[in-house]
Amino acid sequence: MSRRFQVVVLAGFLLAQGCSGAGSGSQEGEGEAEAQDSEVWEGDVEAAALLLRPKEGTPDDWRILREKAIWAWELGLDTLSMGESMVYLGLSFLDSRYTPGTLELPGSEELVVNLQELDCVTFVENVLALAQFIRSAKPRIAESEFETKTLYRQILTRIRYRGGRIDGYPSRLHYFSDWILDNESKGFVREVTEELEGIEDARAVDFMSEHPESYRQLANPLNLRAIQEQEFYLSGLIRHRIPEEEIPLRVPLILDGDIIAATSTVDGLDVAHTGIAVWLEDRLHLLHAPLVGEVVEVSALPLAERILRLESQDGIRVIRPLAPEEMNGPEGGAH
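Every number in this note's numbering is 5 more than the matching position in the sequence shown, counting from 1.
Have a look at this one:
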């Protein structure tokens, strides 16, 4: 069943602003004693709160998961096409806060569950995981907190990590080209960019190793070496993209719920942004978590026009989510 969703977005779109919260220092006239008081926090409260956040998720995260899953079952989203489910579930996150770095918590590499603060990739991952979750379980699972947490963590781990296994920082799928390749091998998605007559993209992928100072984990030479090896592998693959000037010609072939990866003009970076395709009044828009706007939103501009206006992006890749019954890849297994 194919549908074109008619969605009215009531909220205005915010202008470009940063994501960091305002720091609070001692107020003028409060005196030197308070300025030196160890109980007065003068740093970024929001950043500090993120560092203290439990990786396994808060009670609110798991409440959100249960509520969204129950709502989805009541609407029968598990009976729709995978793309339609992705759109409905994605729209349920509208106005959720954009927050970068939610996976970069202190300590060893572990699965991070955060359904309240999202960036463009974790938004896509959680929507895909939810769409898989409601198809992989029956509503009664919501009665068991343990079973709910266990299944969702399993699905999210398989999506986020190479071969579905956590084995240190390099096992996380940092480059979206790597994410696509690995999730294709596991049967979660199928890239259709080449089918849509995308052109070859032979640009090197090496941004992380060229900027190791931007990633604290790359201070470890073993992590840096592992990332370099994966970059070398990705750079040798044949990738495809639909150039920005050709997007209007391919738009009619893009479906509700397709994952859109905007290719980057930055040297060494394969993908600059990700989101979910959504048709509104016969125009294709992007449902995404952008830095500009600070919350999950539907793009004000149609997808093709949006890409043309951004100097940092020069095309798109199109990745189609697959339902469990369509998954024919191995159960894990590194490629």
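Just so you know, even glycine gets a beta-carbon here, dropped at the ideal spot from N, CA and C.
Euclidean distance between Cα positions of residue i and residue j
i: Tyr-103; j: Arg-221; result: 22 Å
i: Gly-62; j: Lys-73; result: 16 Å
i: Pro-111; j: Val-126; result: 20 Å
i: Ile-259; j: Ile-252; result: 10 Å
i: Arg-311; j: Leu-85; result: 29 Å
i: Leu-327; j: Phe-181; result: 17 Å
i: Thr-153; j: Glu-89; result: 23 Å
i: Ser-269; j: Leu-70; result: 32 Å
i: Leu-80; j: Pro-144; result: 12 Å
i: Phe-98; j: Phe-193; result: 21 Å
i: His-290; j: Asn-225; result: 41 Å
i: Arg-158; j: Arg-170; result: 11 Å
i: Lys-60; j: Leu-116; result: 7 Å
i: Ser-219; j: Val-92; result: 33 Å
i: Glu-122; j: Pro-105; result: 8 Å
i: Ala-142; j: Ser-214; result: 40 Å
i: Val-197; j: Ile-247; result: 10 Å
i: Gly-241; j: Asn-131; result: 29 Å
i: Phe-212; j: Asp-319; result: 17 Å
i: Glu-199; j: Pro-64; result: 42 Å
i: Val-370; j: His-179; result: As shown, the chain starts at 6 and ends at 340. That puts residue 370 outside it, with no answer to give.
Proximity of residue i and residue j at Cβ, strictly below 8 Å
i: Glu-94; j: Ala-147; result: Checking the sequence, you will find Leu at residue 94 rather than Glu. No, they are not a contact pair.
i: Ala-365; j: Ile-139; result: What is shown of the chain runs 6 to 340, which leaves residue 365 out entirely.
i: Arg-195; j: Glu-202; result: no
i: Asp-263; j: Trp-284; result: no
i: Arg-177; j: Ala-266; result: no
i: Ile-281; j: Val-129; result: yes
i: Arg-325; j: Pro-307; result: no
i: Arg-244; j: Asp-183; result: no
i: Val-303; j: Leu-292; result: yes
i: Asp-124; j: Ala-277; result: no
i: Leu-120; j: Asp-66; result: yes
i: Val-210; j: Leu-239; result: yes
i: Glu-114; j: Gly-173; result: yes
Cβ-based burial, residue i [other Cβ within 10 Å; buried from 16]
i: Pro-175; result: buried
i: Val-297; result: exposed
i: Glu-355; result: Any property of residue 355 remains undetermined from this structure, which presents the chain solely from 6 to 340.
i: Leu-57; result: exposed
i: Leu-227; result: exposed
i: His-216; result: exposed
i: Ile-185; result: buried
i: Ile-75; result: exposed
i: Glu-234; result: exposed
i: Asp-275; result: buried
Bridge partner(s) assigned by DSSP for residue i
i: Arg-325; result: Arg-195
i: Asp-206; result: Arg-244
i: Gln-318; result: Ser-269
i: His-293; result: Glu-302
i: Val-283; result: His-290
Proximity test, residue i beta-carbon vs the ligand ATP heavy atom, cut-off 7 Å
i: Leu-133; result: No copy of the ligand ATP appears in this structure; indeed no ligand is present at all.
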